[in-house]
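Taken in order, these protein sequences are the chains called A and B. Just so we're aligned, residue 49 is where the first sequence starts under the numbering used here, counting upward by one. Just so we're aligned, residue 49 is where the second sequence starts under the numbering used here, counting upward by one. Ideal Cβ placement from N, Cα and C applies to all residues, glycine included. Note that the structure is a prediction, hence the values are computed from the model and not measured. Worksheet: one structure, shown below.
There are 2 protein chains.
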Amino acid sequence: MIVKEGLDGFGVNKLARAAGVSPATIYIYYKDREDLIIQTTIRVADTMLRESLHDFDPDMHFADGLRKQWQNRANHFMQHPLDVEFIEKMRYSHLYDKVSGQIYLTFKDVMGKFVHNAIARKELIELPFEVYWSLAFAPLYQLIKFHTQKKTFGHQPFVLTEEAMEQTLQLVLKALKPDPIPS
Amino acid sequence: MIVKEGLDGFGVNKLARAAGVSPATIYIYYKDREDLIIQTTIRVADTMLRESLHDFDPDMHFADGLRKQWQNRANHFMQHPLDVEFIEKMRYSHLYDKVSGQIYLTFKDVMGKFVHNAIARKELIELPFEVYWSLAFAPLYQLIKFHTQKKTFGHQPFVLTEEAMEQTLQLVLKALKPDPIPS
DNA sequence: AAGATAAGTGAGCGATCGCTTACTTTAAAA
DNA sequence: TTTTAAAGTAAGCGATCGCTCACTTATCTT
Chain A
49 MIVKEGLDGF GVNKLARAAG VSPATIYIYY KDREDLIIQT TIRVADTMLR
99 ESLHDFDPDM HFADGLRKQW QNRANHFMQH PLDVEFIEKM RYSHLYDKVS
149 GQIYLTFKDV MGKFVHNAIA RKELIELPFE VYWSLAFAPL YQLIKFHTQK
199 KTFGHQPFVL TEEAMEQTLQ LVLKALKPDP IPS
Chain B
49 MIVKEGLDGF GVNKLARAAG VSPATIYIYY KDREDLIIQT TIRVADTMLR
99 ESLHDFDPDM HFADGLRKQW QNRANHFMQH PLDVEFIEKM RYSHLYDKVS
149 GQIYLTFKDV MGKFVHNAIA RKELIELPFE VYWSLAFAPL YQLIKFHTQK
199 KTFGHQPFVL TEEAMEQTLQ LVLKALKPDP IPS
């Protein structure tokens, strides 16, 4: 799939030429351009999410579980930068609404159980889901974005080391851990 | 500017028709399609950043300064959802590299001074800039994204209340505050 | 081997793309 | 009031778009 120029600039004729097949062949497998993009998105996103659950268990301690997820996501993103780029472009396409529902189905249950367990064990404060997500994952994604982008505020490019990731994770954990009740 | 369908689906002819002018008129003011997009991006992004500095002073206490910035950003984003949508689409366009440098020029100095002051006053731990940014702003942006998106994991839509924002801010501040040195 | 079905193709349709040209209108300067 | 230049337009160029059709080739069934 051609992503270099964004979803704009992506055309069926262009794709066919690049793949060395006739445009007509593409329409054997996909109803139209939109169907091609949507099916590809679902396939890529699904792979990403399954990857993020590799060696993960919703019964893990919160810190370990979150670290595992961060590592899985970071690894996958580093190894498949084109996939990430594609998904991020999609996220702001008008087509995204048509797939966002289907993507997170399997993921939701596992993640919900993990959070529920952590709260029960007093390893995690109780929060609206969106607030939790914004703290638990948005910083990681931002770091990856910095890593992927060439220019960042005019500095030299940022490289996401394990140290930087662990440092950020520790701060996130600090924010999400319940305050010990003074006896 | 037409953004409904993303940067793909945006065309000069279409824009001209929607604006009730001739395509040729557009080329009086912009060199080509790319120039139009880039200039528009810079204008929109610049407004956003100046807005985010409204009533902000780099000498403010860290918590107050960060809160002010969160409020400014949130307010602007709520009032100009199309601008946000446009900028986010741009962020993943191949054109973004051509503007990212110019956008943050004024902003960088003020922000740098603010962070520097906060560290000097021991209100903020010392961090690589990208780690700081990932913790200080990415959660807010994620919350706004949840607020803007229709579908979120199949829940009912998320509404970003002042309470939710303040709660998240407090957690971010907790993560970024230096540990008191036990005497 | 003959027939049926699936898989793939080359050519090109109408529509739209980004963009230009030859020309007209508007408005300020002389 | 005439002159001049800036501002805008209708028409349409070549290229590419998404997509289809009439047809050929490969594969499987009997």
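Look at the stretch 81–110 of chain A and you find no whole run of beta strand (DSSP E) that is 3 residues long or longer. At a cut-off of 8 Å between C-beta atoms, THR196 of chain B does not count as an interface residue with respect to chain A. Rounded to whole angstroms, GLY68 of chain B and TYR77 of chain B show a C-alpha spacing of 15 Å. Approximately 6 Å separates the beta-carbon atoms of LYS116 of chain B and ASP103 of chain B; this is inside 8 Å, confirming the contact. Residues of chain B with a Cβ closer than 7 Å to the Cβ of GLN215 of chain A are, in chain order, VAL179.
THR209 of chain B sits exposed, since fewer than 16 C-beta atoms from the chains shown fall within 10 Å of its C-beta. About 6 Å separates the beta carbons of VAL60 of chain B and ILE74 of chain B, which is inside the 8 Å limit, making them a contact pair. With respect to VAL163 of chain B, LEU172 of chain B sits close: the two C-beta atoms are nearer than 8 Å. With fewer than 16 neighbouring CB atoms inside 10 Å of its own CB, ASP80 of chain B falls in the exposed class. For ASP80 of chain B, no CB of chain A lies under 8 Å from its own CB, so it is not counted at the interface with that chain. Between LYS137 of chain B and chain A, the shortest Cβ-Cβ separation is below 8 Å. Interface annotation for the stretch 102–114 of chain B against chain A: empty, criterion Cβ-Cβ distance under 9 Å.
Note that the C-beta distance between TYR152 of chain A and GLU136 of chain B is not below 8 Å. Between the C-alpha atoms of LEU84 of chain A and LEU188 of chain B there is a straight-line separation of about 33 Å.
Judged by DSSP secondary structure, PRO187 of chain B falls within the alpha helix (DSSP H) whose first and last residues are 186–196. Within the same chain, Cβ atoms closer than 8 Å to the Cβ of GLY113 of chain A are found at PHE104, ASP105, PRO106, PHE162 and ALA166, the five residues on either side in sequence being excluded.
At the C-beta level, LEU191 of chain A and GLU174 of chain B stay beyond 8 Å of one another. Identification of chain A residues near SER182 of chain B by a Cβ-Cβ cut-off of 7 Å yields PRO187, GLN190, LEU191 and THR216, ordered along the chain. The CB of ALA93 of chain A never comes closer than 7 Å to any CB in chain B; the least such distance is about 13 Å.
Straight through space, the alpha carbons of PHE194 of chain B and PRO228 of chain B are spaced by roughly 34 Å. By the CB criterion at 8 Å, MET126 of chain A and THR89 of chain A fall outside the cutoff. Annotation: PHE58 of chain A is outside any alpha helix (DSSP H) and is labelled neither H nor E by DSSP. For the 8 Å CB-CB criterion, LEU219 of chain B and ALA111 of chain B do not form a contact. At least one CB atom of chain B sits nearer than 8 Å to the CB of ALA223 of chain A. Distance from the CA atom of VAL207 of chain A to the CA atom of LEU143 of chain A, rounded to whole angstroms, is 32 Å.
Of all alpha-carbon atoms in A:ALA66, A:LYS170, A:GLU82 and A:LYS225, the one lying nearest the alpha-carbon of VAL147 of chain A is that of A:GLU82. Of the residues A:ASP56, A:THR216 and A:SER100, the one whose Cα lies closest to the Cα of LEU183 of chain B is A:THR216.
In this structure, the straight-line span from the alpha carbon of LEU101 of chain B to that of LEU55 of chain A is close to 33 Å. Exposed is the label assigned to ARG65 of chain A, since fewer than 16 other Cβ atoms lie within 10 Å of its Cβ.
For GLY149 of chain B and LYS156 of chain B, the gap between their C-alpha atoms comes out near 11 Å.
Residues of the same chain with their beta carbon placed closer than 6 Å to that of ARG169 of chain A are lacking, with the five preceding and five following residues left out of the count. Under the 10 Å beta carbon count, ALA212 of chain A is surrounded by 16 or more other beta carbons and is classified as buried. Closest option to THR95 of chain B, judged by alpha-carbon separation, among B:TRP118, B:VAL132 and B:PRO71: B:VAL132. Proximity of ALA212 of chain B to chain A, defined by a Cβ-Cβ separation below 8 Å, is satisfied. For VAL220 of chain A, the neighbours in chain B by C-beta distance under 8 Å run, in chain order, LEU183 and ALA223. With respect to chain B, the C-beta atom of ASP56 of chain A has a partner C-beta closer than 8 Å.
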